[in-house]
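Reading through the structure tokens given below for one structure.
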Amino acid sequence: MRIQKAYFNDKYEASVVCGNCLKKQAINALQFKKHANRIIAKCSCGSIFLVSLRRAGGAPTRMASVLGS
Ligand SMILES: [Zn+2]
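Below is the structure:
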């Protein structure tokens, strides 16, 4: 299963692009952050992928976010 990285903002809004159909998916990180920083997302195309959620702009991930890696 592929892993997609997603960065959420202060409103816990995140978006991730489906690796299969390239459709953008909106994710509400608020409902997931309490138990896990990884969720399983299902796209409307039927593709299922793991999403690794991180806070945008956080110190440890800032450089990675800028570089998009
Ligand atoms: Zn898709």
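For the sequence shown, counting from 1, position 42 maps to 30 in our numbering; every step adds exactly one. Beta carbons are placed, not taken as given, at the ideal position from N, Cα and C, and that holds for glycine.
Just tell me which of the options has its CA closest to the CA of residue i.
i	options	result
K(-1)	R(-10), M(-11) and A14	A14
R43	S3, R(-10) and I(-9)	S3
L18	E1, A29 and A(-6)	E1
G7	N(-3), K(-7), N16 and F20	K(-7)
F(-4)	R26, M(-11) and K11	R26
For residue i, which beta-bridge partners are listed by DSSP?
i	result
L41	A(-6)
Q13	V4
K(-1)	Note: K(-1) sits in no beta bridge, so no partner.
Under 9 angstroms between the Cβ atoms of residue i and residue j?
i	j	result
S40	I(-9)	yes
A24	F37	no
K12	S32	no
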